[in-house]
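Novice: Chains as they are written, first to last, in UniProt numbering: chain A, 1 to 236; chain B, 1 to 236. One structure, as structure tokens, below. Some questions next.
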């Protein structure tokens with residue numbers, strides 16, 4: 001972890017622990033430089049990262065302010081880190097249904113930029129929140145990149161393993177959302193009735209070099225599905 | 001529009017018109033500086049903006065590459081610019097159901113940081129895509145900020161009016177997604193059966209100075225609901 005990332009983590013923790021509200025003013029850049037004994041460019045990077053993550057917003061000529069969404073129990077849709085962080089007060093477990101190495105379907109091969117005769121790791125699991133079904137997850141990993149997976153890894157955070165153990169750098173992702181009705185199989189996995197509302201989130205994760213490595217399809221139990229996204233301005 | 005924004009627009013247009021695929025390499029920074037006759041810092045800002053918008057990704061030591069999602073007909077969930085841009089091939093219309101000035105409910109006042117005796121503009125409209133219902137939209141605008149609205153403005157792009165005519169600068173937004181079943185009223189507006197799947201997207205838009213000015217609740221017709229989000233890495 002680089003210095004500016006470490007400082008960002010400390011500022012984020014400070015905001016959370018002190019329960020600072022949206023709009024609370026943070027110290028000016030010069031004070032932060034003194035406090036953390038780093039250069040202006042390091043603090044600038046720190047603030048850029050915090051802004052990107054939706055923790056602060058900067059107003060030119062006015063200062064740095066806390067950004068905070070007001071609702072509890074919502075899952076961050078764009079956090080690559082899985083649910084752990086946003087749902088700290090909840091007990092999350094998962095049950096592995098399938099874990100194997102297979103050839104990709106045409107759809108999967110297309111998304112992962114692979115040939116049909118190459119191998120993918122396929123993981124199917126149900127995730128539970130406080131004992132209730134949260135989602136049914138099917139993931140396809142390019143085996144040339146994610147070279148090894150086992151039940152132990154898959155029952156924990158796969159992304160933690162990918163970044164820490166394999167040392168890969170996760171970059172951008174494309175996320176698709178579709179709303180439909182549950183078919184019989186999905187309903188039975190989630191413990192819901194057939195034709196109940198279905199939220200399908202398909203994600204394609206890339207390494208920082210642009211290589212796609214993980215294509216995931218997650219079907220949520222609509223009764224547990226509350227998401228939030230902190231968006232930055234995309235305006236010209 | 002500033003120079004770097006203008007160049008970003010030109011590069012985006014170039015990528016679209018030439019149908020460049022994901023992973024296509026763009027000219028190096030030095031070439032872009034020459035081509036547009038601007039400084040390195042302007043090009044750096046241009047690239048930052050394009051990266052934020054999910055148009056390119058940069059690989060350190062390797063270059064600048066096109067980023068492009070592969071699916072057609074998906075609506076960008078985080079584009080403040082409404083649907084127009086993403087759905088250029090579709091005909092979008094809207095019907096205004098209600099437009100009035102009223103006092104905010106407690107929920108609306110809380111989100112918009114207002115007192116209960118202040119005024120909001122309330123807009124309720126149905127939006128259609130190729131003649132089919134796309135969504136039922138209810139929006140609340142703080143009248144102290146959005147000082148004037150009429151039927152003509154509301155039947156077009158409200159955000160275009162806000163940025164161009166009122167000259168306001170739109171900043172970040174908080175977006176909440178919930179999945180549920182349609183009640184009778186919603187179903188009738190959307191031309192669907194009661195208890196059909198419902199996707200509710202609630203958005204709170206802020207000015208760049210952090211002031212919330214628009215709280216919107218949009219209920220989508222699930223048959224037309226295909227969204228995408230281009231996410232950047234939020235990893236440490």
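Cβ atoms here follow ideal geometry from the backbone N, Cα and C, with glycine treated the same way. Computed from a predicted structure; not experimentally measured.
(1) According to the neighbour-count rule (16 or more other Cβ atoms, all chains shown, within 10 Å of its Cβ), is residue 67 of chain A buried or exposed?
(2) Could you check where the alpha helix (DSSP H) with residue 49 of chain B kicks off and where it finishes?
(3) Go to residue 181 of chain B, then tell me how far its alpha helix (DSSP H) extends in each direction, as first and last residue.
(4) Between residue 219 of chain B and chain A, is the shortest Cβ-Cβ distance under 8 Å, so that the two count as touching?
(5) When DSSP labels each residue in this structure, what does residue 5 of chain A get in the three-state scheme?
(6) If you draw a straight line from the alpha carbon of residue 198 of chain A to that of residue 39 of chain A, how long is it in whole angstroms?
(7) Just to confirm, are residue 104 of chain A and residue 141 of chain A a CB contact at a threshold of 8 Å?
(8) Which residue spans inside the segment 182-224 of chain A form an unbroken alpha helix (DSSP H) run of at least 4?
(9) What residues of chain B sit near residue 130 of chain A, judged by a beta carbon separation below 8 Å?
(10) By alpha-carbon positions, which one of B:92, B:30, B:184, B:215 ends up nearest to residue 224 of chain B?
(11) Taking C-alpha atoms, which residue in A:136, A:207, A:115 lies nearest to residue 159 of chain A?
(12) So that I know if they touch, is there some Cβ in chain B lying closer than 8 Å to that of residue 208 of chain A?
(13) Helix, strand or coil for residue 28 of chain A? Go by DSSP, reduced to three states.
(14) Please state the DSSP three-state secondary structure of residue 35 of chain B.
(15) How many angstroms separate the CA atom of residue 186 of chain A from the CA atom of residue 73 of chain A?
(16) Can you pull the chain A residues whose beta carbon is under 7 Å from the beta carbon of residue 199 of chain B, in chain order?
(17) What are the residues that DSSP puts in a beta bridge with residue 141 of chain A?
(18) Any C-beta of chain A sitting closer than 8 Å to the C-beta of residue 185 of chain B?
(19) Whose Cβ in chain B lies nearer than 8 Å to the Cβ of residue 62 of chain A?
(20) Apart from the five residues on each side of it in sequence, which residues of its chain come closer than 6 Å, Cβ to Cβ, to residue 46 of chain A?
(21) Just the C-alpha distance for residue 13 of chain B and residue 19 of chain B, rounded to the nearest angstrom, thanks.
(22) The alpha helix (DSSP H) that contains residue 155 of chain A, what's its start and end?
(23) Between the alpha carbons of residue 210 of chain A and residue 230 of chain A, how many angstroms are there, rounded?
(24) Report yes or no: do the segment 129-149 of chain A and the segment 22-37 of chain B share at least 3 C-beta pairs separated by less than 8 Å?
(25) Can you give the Cα-Cα distance for residue 144 of chain B and residue 48 of chain B, rounded to whole angstroms?
(26) With H, G and I counted as helix, E and B as strand and the rest as coil, what does DSSP make of residue 165 of chain A?
(27) Given a threshold of 16 other Cβ atoms within 10 Å of its Cβ, counted over all protein chains shown, does residue 85 of chain A qualify as buried or as exposed?
(28) In chain A, which residues lie less than 7 Å from residue 231 of chain B when you measure between Cβ atoms?
(29) Measure from the C-beta of residue 104 of chain A to each C-beta in chain B and report whether the shortest distance is under 8 Å.
(30) What does residue 127 of chain B reach in chain A if we use C-beta pairs closer than 7 Å?
(31) Quick one, which of A:147, A:113, A:94, A:193 has its alpha-carbon nearest residue 156 of chain A's?
(32) How would you label residue 28 of chain A, buried or exposed, when you count the other beta carbons within 10 angstroms and need 16 or more for buried?
(33) Ends of the alpha helix (DSSP H) at residue 112 of chain B?
(34) Which residue's Cα is closest to the Cα of residue 106 of chain A: A:146, A:227, A:215, A:10?
(35) Could you name the residues of the segment 27-56 of chain A whose beta carbon sits closer than 8 Å to any beta carbon of chain B, in the order they occur along the chain?
(36) What is the DSSP secondary structure of residue 13 of chain B, reduced to helix, strand or coil?
Specialist: On the basis of the supplied data:
(1) buried
(2) 40-52
(3) It is not in any alpha helix (DSSP H) - residue 181 of chain B instead sits in the beta strand (DSSP E) that spans 170-181.
(4) no
(5) helix
(6) 49 Å
(7) no
(8) 184-190
(9) None at all; the shortest Cβ gap to chain B is about 18 Å.
(10) B:92
(11) A:207
(12) yes
(13) coil
(14) helix
(15) 24 Å
(16) 179
(17) A:121, A:214
(18) no
(19) 209
(20) 4, 7, 8
(21) 10 Å
(22) 151-155
(23) 24 Å
(24) no
(25) 33 Å
(26) coil
(27) The predicted position of residue 85 of chain A is uncertain, since its pLDDT is 49 and thus under 50; no value can be drawn from it.
(28) 78, 172, 173, 175
(29) no
(30) Simply none; closest approach about 16 Å.
(31) A:94
(32) exposed
(33) 106-112
(34) A:215
(35) 52, 53, 54
(36) helix
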